[in-house]
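Count along the sequence shown starting at 1, add 1360, and that's the number in our numbering. Note that beta-carbon positions come from the ideal geometry of N, C-alpha and C, so glycine has one too. Inspection log for the structure reproduced underneath, given as structure tokens.
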Amino acid sequence: MIMNPYWGKDFFEFFSLLFLRLVRAMKGDLDFCDLASDEVQLLVLAGVGISTSLIGNLLILKRMTMLANALSHTILLGLVSAYLFLFPLMGASEEGIGMDLNLLMAAAFFTSLFTVLSTEFLKRVAKVQEDASIGLVFTTLFALGITALTLFARNLHLEADAVMGNVDALHLHDLKLVGFVALLNAVVMLLFFKEWKITAFDSRLAASLGFCPLLFDLLLLFQTALTLVGAFRAVGVFLVLALLVFPPLAARRLTHNLGRLFFLSPLLGAAA
């Protein structure tokens, strides 16, 4: 049994040792498999803070934070649906889910995509106002999730882990998933920074310049769904809303420059 390297360390010694071990890991002197559980937990939470802050900037600028709230709630329908359809195949126990968490996360992701597509359909095809379309889809899918849970899955215990997350249950594969999501969000923001800036402030100007605002809206919603699912195990489906909103808003108190905003908010998100 390997002793935790942080045993007996005070507050400052903990972070000094953490910094040194992370530098060793990035240099290749320390295998990531040898990271302590405390290190994995901190890295996962930092990655969640970075990825949510990057997405949160655009959601706030485009006034789409309500959609993120809807996505976090409609994930419940995906979890219950996965339990109902896969229960006979996976041999889930009556006292809990008893299934691979990856299947639940996949179900939550596809539910998020369905929420996004349904909202966009009502908005662009049925000509329903954006806030009304979000409210309609949000309440309908969330109500279906609650109804299915009450009628068909009374023994399914969606404990506090699904609502608030469970940091103690994080493993190295969670770090890989969160790292991938954070890296993807950062790369997409860097590659399309000019396009994001124009579409966020003036979609008509973006269209006249040859950009497709709808394409970037769908890309943002796809990233939001992926980010919510990536943060599921660490912070649950509700606490992630705070990470989407608070770091970008705090960063906006410090700067009004968009480039600096995208730099400061991930730092605040990681620190949170």
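Spatially closest choice to residue i from the options, by CA coordinates
i	options	result
L1477	I1494, D1389, E1373 and L1565	I1494
R1593	N1417, D1577 and S1432	S1432
L1618	D1577, K1554 and D1370	K1554
T1500	M1465, R1381, V1440 and A1430	A1430
F1622	R1613, P1608 and A1632	P1608
F1512	A1466, L1444 and L1628	L1444
Endpoints, the alpha helix (DSSP H) within which residue i is located
i	result
G1539	L1532 to L1551
A1632	No alpha helix (DSSP H) contains A1632, which DSSP labels as neither H nor E.
R1612	L1599 to R1612
A1567	S1563 to S1568
Q1489	Neither: Q1489 is in no alpha helix (DSSP H) and is coded neither H nor E.
N1417	S1397 to L1421
M1386	F1371 to K1387
G1368	Taken as a continuous stretch (DSSP letters only), G1368 belongs to no alpha helix (DSSP H), as it is neither H nor E.
G1590	P1573 to G1590
Cβ-Cβ separation, residue j to residue i (assumed contact under 8 Å), whole Å
i	j	result
I1415	L1604	7 Å
L1624	A1611	4 Å
N1545	Q1489	Not confirmed; about 29 Å, so no contact.
V1383	L1532	Actually they do not touch by this definition, with Cβ atoms about 19 Å apart.
L1427	A1560	Actually they do not touch by this definition, with Cβ atoms about 15 Å apart.
L1482	L1496	7 Å
P1418	L1580	What sits at residue 1418 in the sequence shown is Leu, not Pro. Yes, they are in contact, since the Cβ atoms of L1418 and L1580 sit about 6 Å apart, within 8 Å.
Cβ shell of residue i (< 7 Å), same chain only, five flanking positions each side left out
i	result
W1367	none
A1396	N1364, P1365 and Y1366
A1630	A1406, G1409 and I1410
Sequence-distant residues of the same chain with beta carbon closer than 8 Å to residue i, five excluded per side
i	result
F1634	Nothing can be reported for residue 1634: it is not among the residues displayed for the chain, which extend from 1361 to 1632.
L1569	I1558
V1548	L1579 and Q1583
R1484	L1574
Cut-off 6 Å between Cβ atoms - residues of its own chain near residue i, not counting five sequence neighbours on either side
i	result
S1563	P1573
L1535	V1400, L1403 and V1404
- Message: Under 8 Å: do the region 1522–1535 and the region 1400–1408 share three or more Cβ pairs, one atom per stretch?
- Response: Output reads yes: the region 1400–1408 touches the region 1522–1535.
- Between the region 1541–1550 and the region 1586–1605, are three or more C-beta pairs nearer than 8 Å? At 8 Å Cβ cutoff, the stretches touch.
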